[in-house]
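Below is one structure, written out as structure tokens; comments come after it.
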Amino acid sequence: MKKVDIEKIVEILDNYYPMHVMEDTYTGQPYKALVSCLLSLRTRDEITFPVAEKLFQAADNPCKMINLSYEELCEKIKSINYYKTKAENIQTISRILLEKYNGEVPSTMEELLAFRGVGRKTANIVLSVGFQKPAIAVDTHVHRISNRLGLVSTKTPEETEFALREILPKKYWRKWNQIMVLHGKNTCKPITPLCKTCPIIEYCNQVFS
DNA sequence: AAAACGGGGGC
DNA sequence: GCCCCAGTTTT
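Here our numbering is used: the first residue of the first sequence is 52, the next is one more, and so on.
In structure tokens form, the structure reads like this:
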């Protein structure tokens, strides 16, 4: 096992990838963070982002969102997968926000997980990006790379989330997702990782030839 | 624990 | 055309 140096890994990757992830656009905006996550379920950010931006031009709050007809909403987001289910979830959740939460997005894990379509990843993004609370959002990038690095040894994203809580300094709980997503998309890819150009290869436990 | 779900983009 | 990608719900 190579030595795991979290501080160094964060520093290197943070400088190596100057771009940012989609959710950063919605920092401090829980509703947009939530809806963009609902849209991006099992969909790549570069596909989701333009659709999300276009949707927010028409409806950037729950009130406007439910004033769109289901058909209008579907029309706006139909270029992404599961769009019918996603449209339904977005409108159902928006309706509940208005009826039960005074139009605001709740800020606890428990309340967020109660929504159809919201799992731990989405809830944690809403908490960390929308509300800027300490939370670890684990998607497939975070899960895969945290394991390849030998930082954790876990089978499910949920296990990864809990394991990371024990070893990641709290100041990196948000940043870890950002840099893992960028690293995962650009270098540490699922099937054919580009280990030859990897900036943190010296910290990695699972180098592919 | 494993499967089902549905669409875009790269080649 | 075929392969790659990606969270949540359901079985």
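Just so it is clear, CB atoms sit at the ideal spot from N, CA and C, and this is done for glycine as well.
In this structure, DSSP gives residue 59 a helical state, which the three-state scheme calls helix. For residue 87, the enclosing alpha helix (DSSP H) stretches over residues 81-90. The beta-carbon separation of residue 201 and residue 256, rounded to 3 Å, stays under the 8 Å limit for a contact. Residue 86 is a Cβ neighbour of residue 141, given a cutoff of 8 Å. Apart from the 5 residues on each side of it in sequence, residue 135 sits with its Cβ closer than 8 Å to the Cβ of 125 in its chain, given in chain order. With distances taken between CA atoms, residue 146 lies nearest to 113 out of 164, 186, 58, 113. For the pair residue 225 and residue 160, the Cα-to-Cα distance works out to about 15 Å. Remark: C-beta atoms of residue 92 and residue 128 do not approach each other more closely than 8 Å. Within the model, the alpha-carbon separation for residue 235 versus residue 244 is close to 8 Å. For the pair residue 228 and residue 193, the Cα-to-Cα distance works out to about 6 Å. Counting only the Cα atoms, residue 231 lies some 14 Å from residue 95.
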